[in-house]
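Numbering (UniProt numbering), first residue to last: 1 to 227. For each residue, glycine too, the CB sits at the ideal point set by N, CA and C. Since the structure is predicted, the reported quantities are computational estimates derived from the model, not experimental observations.
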């Protein structure tokens, strides 16, 4: 999969293209798509560090697109819109947006915001795990056991990545519900099923797990050695 830093999703084609040109000039690799369908197709063949997302996308809604992306990815999403309503801002942030930037925007100010998010996100992102048995490449979203690919469902992968990003630390269930499901009312049973399925796919003995440890009454912990 090809990798870029910033994907701009905006049906104002001249504005999107000029923003891409400006960002690339300052060494932030960027591309633009102009509708929701093209965005989802792009994300199937590329990895992206950040998305700039307009709310109005012709016949589609940036809000709906954000929800669809959040089912698969926790990539930072900055909404860009000429809409000024506080209700729009609140909705954008509540469904998974990381910031809301009003149009018209200054390219230099927008670039500064993007660079700040890229720096902060990059500093927290695990790039790769490999202990000789389990290998996870987070840039390619690829999981292997003894060099053989295994398939995780989207939420299983998101949960495994979250635990690995907090390796060696106990992660409370409430934090998992908030940050992985983005839903404080997710049931324990749902989490337990996902943990069991991940263990069945990555553990040598799922009944005696080495990687994902249960912290009874609290949550879980990923145990592993980063190479």
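query: Determine, using beta-carbon pairs with one atom in the stretch 107–117 and one in the stretch 17–30, whether at least three such pairs fall under 8 Å.; result: yes
query: Name the two residues that bound the continuous alpha helix (DSSP H) containing residue 222.; result: Here residue 222 belongs to no alpha helix (DSSP H); instead the beta strand (DSSP E) covers 219–222.
query: Please confirm whether residue 80 and residue 95 have their CB atoms less than 8 Å apart.; result: no
query: Rounded to whole angstroms, what is the Cα-Cα separation between residue 188 and residue 98?; result: 27 Å
query: Following the continuous beta strand (DSSP E) through residue 214, name the residue where it begins and the one where it ends.; result: 212–215
query: Report the three-state DSSP secondary structure of residue 149 (helix, strand or coil).; result: strand
query: Three or more C-beta pairs under 8 Å: does that hold for the stretch 48–59 against the stretch 4–11?; result: yes
query: If you draw a straight line from the C-alpha of residue 152 to the C-alpha of residue 120, how long is it?; result: 27 Å
query: Rounded to the nearest angstrom, what separates residue 46 and residue 78 at their Cα positions?; result: 18 Å
query: Just reading off the beta strand (DSSP E) that residue 74 is part of, what are its end residues?; result: Unbroken run through residue 74: none, as it is neither H nor E.
query: Buried or exposed for residue 194, going by 16 or more other Cβ atoms inside 10 Å?; result: buried
query: What three-state label does DSSP hand residue 82 in the structure shown?; result: coil
query: What do you reckon, are the CB atoms on residue 191 and residue 176 nearer than 8 Å?; result: yes
query: Assuming contact is defined by CB atoms lying nearer than 8 Å, are residue 28 and residue 9 in contact in what I supplied?; result: no
query: For residue 170, name the three-state secondary structure that DSSP assigns.; result: coil
query: With H, G and I counted as helix, E and B as strand and the rest as coil, what does DSSP make of residue 24?; result: helix
query: Between the Cα of residue 223 and the Cα atoms of 178, 160, 179, which residue gives the shortest distance?; result: 160
query: Apart from the five residues on each side of it in sequence, which residues of its chain come closer than 7 Å, Cβ to Cβ, to residue 171?; result: 163, 219, 220, 221
query: In its own chain, which residues sit with a C-beta less than 8 Å from the C-beta of residue 133, not counting the 5 before and 5 after it?; result: 145, 146, 204
query: In three-state terms, what does DSSP make of residue 208?; result: coil
query: Please identify the residue among 200, 174, 199, 186 whose C-alpha is closest to the C-alpha of residue 217.; result: 174
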